[in-house]
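Position in the sequence shown (first residue = 1) + 8 = the working numbering.
For each residue, glycine too, the CB sits at the ideal point set by N, CA and C.
Read through the structure below, which is laid out as structure tokens, and then see the notes.
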Amino acid sequence: MLYRIKLVWTKKQNRTGRARSLTGLARVFEEDSVKGHYHTLWLDAPRVMTLLGALAVVGWFSLAGGLWYWLAKNPFNRVGYADLVSPWRWGQISNLRGQGYIAAGLDALRRKQINEAFFNIRQGLARHPNDAAARLALGRLYAGAGYYPGLRDIMKPQLAFGPPPAEFSRVLIDMAAKNDDQATVILACDNALSAKALTLDERGELLEQKARALLAQKKYAEALEILDIAGRDRSAEWRRLRINILIAADRAKEALAEVQGWREGAVPPEMRLQLLALTARNAGRLDVMAAAISDLQRLRPSQPEPWLEAISNYLRAGEPAKARAELEEFLRRFDANPKLVARAEQLCTVAGASELVQLCLDNARSYGRPLGSSYFNLALTQLGKSDIEAAERSYALMLEEDRRQRDKPAESLLEMSSRPLPRTRVRGGNPRAPMLENPEPRAIPSIMIDYLRTLLDAVQQPAADRAEAHTNVLLKSRLALTGFTGSAEILAKVGHWNAVAGIARAGLTRFPDSVQLTAWANTAAEKIAAAPPVETPLVKRPAATPTITFDSQKKAAAPAPAPAESVYATMAPEDVMAKLDGMMKRQAWAEAGAMLREVNSTGRTWPTAIETDLAWAGVRVAFEQDDKPELIFQVSQRIRIRKNEVARALDYARLCRDRGDRETARTITGKILQEVPGYVAGRDFLAKLNETPAAPEPAKPATGKP
């Protein structure tokens, strides 16, 4: 039996009678032919096509309806039914989905679900990039975390869509200026100035901000031109900015004449005297500067600022004796306020006046205040003068102060009763669990110890690993830009230009397009290029014995392909530690070691606590795998940058001794005492290790009968 299908398009004109008599959609006829018996399906083609078309339309609308119903379950869905049904509107579906992601992210932000907000907003901006409100919300999160590169990457692309809202421009300009990214400041100002609905004050403020950025870039003529466009003498801040530009352009005498020619009331009296002292100092008119300082102190006798201005001006004018006299008078008036003393000490630190920093330190000691930050500032000023021995002494005193603060006993009831009651807030609504709102720190922050120790090592030894250790501390901390520039300046004074270049490169990852760091990087590159090449003696080596090279050796010698980005580069720190803890609990030491190597290869900046845990996890893995060279290396590296962790290092020395490995225990203890010579527990343990172990007693002969 055979089957076949015949389509009937026009029944009336068809020559076959059966086709003309066809009713309905289809009919089956049986017929015989020379080829056999057939079952023929006759189809009315127009009706069948009409039916199929109708079914396709129904299916199309039904499928779109089902998809829309599924999308509508999300309360933040922005894709409508018409967008799904109409093919000409499919191009905007991705944009609408982006709007939905952004709405969900902003809602998560209101609910304090930060991780969810980050994910949704970033997904939304990938599909709907023109959303200033979403970029501003995400930028504020980055600003709160102190991560400027993230803020810059998320906010700067919005400028391509035209002038953003005023608040958006303000945040971007302020953060870029704070992080020394003057190119972004100028770009954002130009973008905001292109807006039509700007008041004269708003336009003037933007032009002043642009002039400040040009001043930082040392483009003085352009900065003065922009100020003139803003409107001459438009405000007191305009006048201050113009004077600063003239001074920076080596036109101090012109600036002094301009300040002296201001009419009465053009600027506040205090501001006029400050600028008069500043311009007189830079113009070499120290008599005019001294008179302005005296007038300012008489005008504001109860305020600390006139004396701080005097100290700064005398130091920068090369008058240390007068600066010391002003500091002594300042301390006589205001030393009861530790915050004001700290301001004066910081001012002297920036000026590099170690003698005046010592004076502030002695004053704090007389009041029994913590001295850790004072010793830190003193060591920095001594390093600035290349007085390494004095800086090492200050560092040792800082460690001693740290131990004293950590071991400080709790206050007695009498001392506590004499203090005012602290402001408290209730934890979890429980009135029995008060918490200090601003508890006073008892010990020196570990970042200060790490920063100073690694900087001292980098100054004294130009080896690459010492500079790299200091760079790692800078990257793993949340230090401001001055931390990088200060280190670069100190290392430049001793001629360690490779270290300066490394610090500048590392700093530019934290502060992209920073004018100061870019200048340090360029200067270091010039110094390195100008340095004479180091000549190494030519050593004639004996000819190598020919060997057979196997395919495996060729593969091993071939350059490895660039590794893909590690999963640990973006994983949350808590998740990384949880995964590592799981491996260590299972005693999967090989897996843990491989994971630590991959984590370290990411170059990621970790929180201090996580970084410490990762470092000591590496020590534990080396110990468990009985990798003695790696164990010694890990321990010595750790205590070199953190002297306060020698107790943990000594614990591993004891574990090695208990395992019978006295030589490794002796080596680790020696490393500890090399870094901290006065560590009593380490000396005692080393003395015990050096004692000759008692020989085992010989077995006594058996006297009993078998």
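May I ask you to verify whether the stretch 51–63 touches the stretch 88–99, counting CB pairs closer than 8 Å and requiring at least 3? no
Might you give, ordered along the chain, the residues of its own chain that have their beta carbon closer than 7 Å to the beta carbon of Val-523, omitting 5 neighbours on each side? Asp-188, Gln-190, Ala-224, Gln-225
Scan the stretch 589–630 and note each continuous alpha helix (DSSP H) run of 4 residues or more that stays entirely inside, going in chain order. 597–609
Contact check, Lys-484 vs Trp-624, beta carbons under 8 Å: no
Can the beta-carbon of Ala-458 be found less than 8 Å from the beta-carbon of Ile-649? It should be pointed out that residue 458 corresponds to Asp in this sequence rather than to Ala. It is a contact, given that the beta carbons lie within the stated cut-off.
As a quick exercise: from Leu-482, Thr-357, Leu-604, Gly-376, pick the residue whose alpha carbon is nearest that of Lys-393. Thr-357
In whole angstroms, what separates the C-alpha of Ala-200 from that of Lys-651? 51 Å
CB of Val-193 within 8 Å of CB of Ala-184, strictly: yes
Just how far apart, CA to CA, sit Ala-151 and Gly-690? 45 Å
Taking just the CA atoms, how far does Leu-281 sit from Pro-328? 21 Å
Return the first residue and the last residue of the alpha helix (DSSP H) that Trp-76 is part of. 53–80
Buried or exposed, going by whether 16 or more other CB atoms sit within 10 Å of the CB of Gly-67? exposed
The alpha helix (DSSP H) with Arg-351 in it runs from where to where? 346–359
Within 10 angstroms of its Cβ, does Thr-578 collect 16 or more other Cβ (buried), or is it exposed? exposed
Pick from Lys-261, Ile-251, Asp-236, Pro-312: whose alpha carbon is nearest that of Gly-212? Asp-236
What does a CB cutoff of less than 8 Å around Arg-148 pick up in its chain, not counting 5 residues either side in sequence? Val-179
Contact belief for Val-3 with Leu-391 at Cβ below 8 Å, rounded distance in angstroms: A query on residue 3 cannot be resolved here, the shown segment of the chain reaching from 9 to 714 and no further.
Below 8 Å on the Cβ atoms is my contact criterion, and I expect Phe-342 with Ile-319 to pass it. Report the Cβ-Cβ distance as a whole number of Å. 12 Å between Cβ atoms; not a contact.
Below 8 Å between beta carbons: does that hold for Gln-413 and Pro-378? yes
Using beta-carbon positions only, say whether Thr-287 and Ala-260 come within less than 8 Å of one another. yes
Starting from Ile-749, follow the alpha helix (DSSP H) in both directions and report where the run begins and ends. There is simply no residue 749 to check, as the chain begins at 9 and stops at 714 in what is shown.
Does the separation of the CB atoms of Ile-301 and Glu-313 fall below 8 Å? no
Quick one: what's got a C-beta closer than 6 Å to Leu-622's C-beta in the same chain, skipping five residues either side? none
Check whether the Cβ atoms of Pro-95 and Pro-137 lie closer than 8 Å to each other. no
In the DSSP assignment, find the alpha helix (DSSP H) that holds Leu-386 and state where it starts and stops. 380–392
Secondary structure of Ile-452, DSSP reduced to three states: coil
For the alpha helix (DSSP H) containing Tyr-228, name the first residue and the last one. 228–238
Nearest by alpha-carbon distance to Ala-617: which of Met-297, Ser-454, Glu-210, Ala-72 is it? Ser-454
In chain order, what residues of the same chain have a beta carbon less than 8 Å from the beta carbon of Val-684, not counting five sequence neighbours either side? Ile-647, Lys-651, Val-654, Gly-690
What three-state label does DSSP hand Phe-338 in the structure shown? helix
Going by the beta-carbon positions, is the gap between Ile-162 and Arg-135 smaller than 8 Å? no
If we call anything under 8 Å between Cβ atoms a contact, is Arg-289 one with Leu-249? no
Looking at C-alpha atoms only, which residue of Arg-667, Gln-311, Ser-495, Thr-58 is the closest neighbour of Arg-461? Ser-495
Between Leu-386, Ser-609, Leu-588, which lies nearest to Glu-599 when the distance is taken from Cα to Cα? Leu-588
Assign Leu-307 to buried or exposed, taking buried as 16 or more other Cβ atoms, counted over all protein chains shown, within 10 Å of its Cβ. exposed
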